[in-house]
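Residue numbers (our numbering), protein chains in the order written: chain A, 514 to 732; chain B, 5 to 132.
Note that CB positions come from ideal geometry on N, CA and C, so glycine has one too.
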């Protein structure tokens, strides 16, 4: 690193420290302004001007400005709720609607079972088995619900980060409500609550049985 | 010893559809004396108030999880020997190990079918 680069780095750091002392907090916008100021100073043409450093600083300042605009465009999309908020609400609706549909399907299965009761023979047996399979298939509502809750949790995390970035870039952060639909979990087993795994990664019941058996054998 | 099909079974799950599915499957297996709870806290209260022969519980519930319920059951003098089956989508080995260490009687991964439920129940309470 050249002496000039070291001096530039030191000057940048000093500017930021000074700003922090003055304002208590340095925003994303402040960092961009310091970069821009340094770039324009260098452009004034001292003998030590390093063209490469000048271009890098200018490019970084432009990137910060552009990133700031993008963050603001996300977080000020709507006055009362963010895009992410709306997506979470839609996913909540999906959970509610699938629950209603599952109950309607099971109501129908109940009605079929009731009507079949007393028919007797293979017909009754076949119908009962078929309606049992309907019940088993309704497992999907719980599993999809948990998967959707995982996505909602992820969206909430993104939303929180966007809020922080928005604050750093000079925005107020107001109008952004971190979704409250994330399930609360007890702190002691929180790390174990991961929800359903992807089908390709999830152990089968047989693998679980083997693991349980091996744990029992160790006792 | 034959299994008493009149024994009370407590089904614990925060999803009403899941409670309904398990209740129906139990009915098909001949168990009609089924009660329900929506989380660990409600379940523990019911376990204090009434006699049950088996608990079938989900893990991921709020405010009290199935894991917390299992720990409370195992630390309660009156309930510590209660057969307890965890029925959950949490299928990572660390979950199975943690449940086993907490004293779970058997572990069923969602989604499951009537046959799996029957086999696991038989291994816990005996053939029926």
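For the stretch 9-37 of chain B, the set of residues with a beta-carbon nearer than 8 Å to any beta-carbon of chain A comprises 17, 19, 20, 21, 22, 24, 25, 28, 29 and 32, in chain order. Contact annotation: residue 48 of chain B and residue 76 of chain B have beta-carbon atoms nearer than 7 Å. For residue 11 of chain B, the closest C-alpha among the options B/55, B/17, B/42 and B/24 is that of B/55. In this structure residue 95 of chain B is in contact with residue 721 of chain A, their Cβ atoms being roughly 7 Å apart against a cut-off of 8 Å.
Residue 648 of chain A belongs to the set of residues whose beta carbon lies under 7 Å from a beta carbon in chain B. Contact check between the stretch 667-682 of chain A and the stretch 39-47 of chain B: fewer than three CB pairs, one atom from each, fall below 8 Å, which does not count as touching. Restricting attention to alpha helix (DSSP H) runs no shorter than 4 residues, the stretch 607-694 of chain A encloses them at 634-650 and 652-681, ordered along the chain. Under the three-pair Cβ rule at 8 Å, the stretch 635-647 of chain A counts as touching the stretch 617-626 of chain A. In this structure, the CA atom of residue 608 of chain A is about 8 Å from the CA atom of residue 657 of chain A.
Between the beta-carbon of residue 66 of chain B and that of residue 81 of chain B there is about 27 Å, and that puts the pair past the 8 Å contact cut.
Residue 629 of chain A and residue 14 of chain B have their alpha carbons spaced roughly 28 Å apart. In the assembly as shown, residue 712 of chain A is an exposed residue. Its beta-carbon has fewer than 16 other beta-carbons within 10 Å. For residue 97 of chain B, there are no CB contacts under 8 Å within the same chain when 5 residues up- and downstream are skipped. In this structure, the straight-line span from the alpha carbon of residue 709 of chain A to that of residue 636 of chain A is close to 37 Å. Counting along the chain, residue 90 of chain B sits inside no alpha helix (DSSP H); it lies in the beta strand (DSSP E) bounded by residues 88-92. Only those residues of the stretch 68-80 of chain B whose C-beta falls short of 8 Å from the nearest C-beta of chain A are listed: 68, 69, 71 and 72. For residue 113 of chain B, the CB contacts under 6 Å within the same chain, skipping 5 residues up- and downstream, are 95 in chain order. If you ignore the 5 residues before and after residue 612 of chain A, its C-beta comes within less than 7 Å of the C-beta of 654, all in its own chain and listed in chain order.
Looking at A/661, A/520 and A/726, the one whose alpha-carbon comes closest to that of residue 600 of chain A is A/661. When Cβ-Cβ separations below 7 Å define contact, residue 719 of chain A makes no contact with chain B. Of the residues assessed, residue 717 of chain A falls on the exposed side of the cut-off, its CB having fewer than 16 other CB atoms within 10 angstroms. The alpha-carbon of residue 34 of chain B is positioned some 32 Å away from that of residue 730 of chain A.
If you draw a straight line from the Cα of residue 549 of chain A to the Cα of residue 675 of chain A, it comes to about 24 Å. At the C-beta level, residue 110 of chain B and residue 128 of chain B come within 7 Å of one another. Residue 51 of chain B places its beta carbon 7 Å or farther from that of residue 61 of chain B.
With respect to the C-alpha of residue 664 of chain A, the residue from A/603, A/522 and A/564 having the closest C-alpha is A/603.
By alpha-carbon distance to residue 92 of chain B, the top candidate from B/70, B/104, B/83 and B/107 is B/70. Beta-bridge partners assigned by DSSP to residue 13 of chain B: B/38 and B/58. Leaving aside the five residues that flank residue 578 of chain A on each side, the residues in its chain whose CB is nearer than 8 Å to its CB run, in chain order, 545. Check the Cα spacing between residue 727 of chain A and each of B/85, B/25 and B/104: the tightest is with B/104. Shown here, residue 113 of chain B sits in a strand according to DSSP, grouped into three states.
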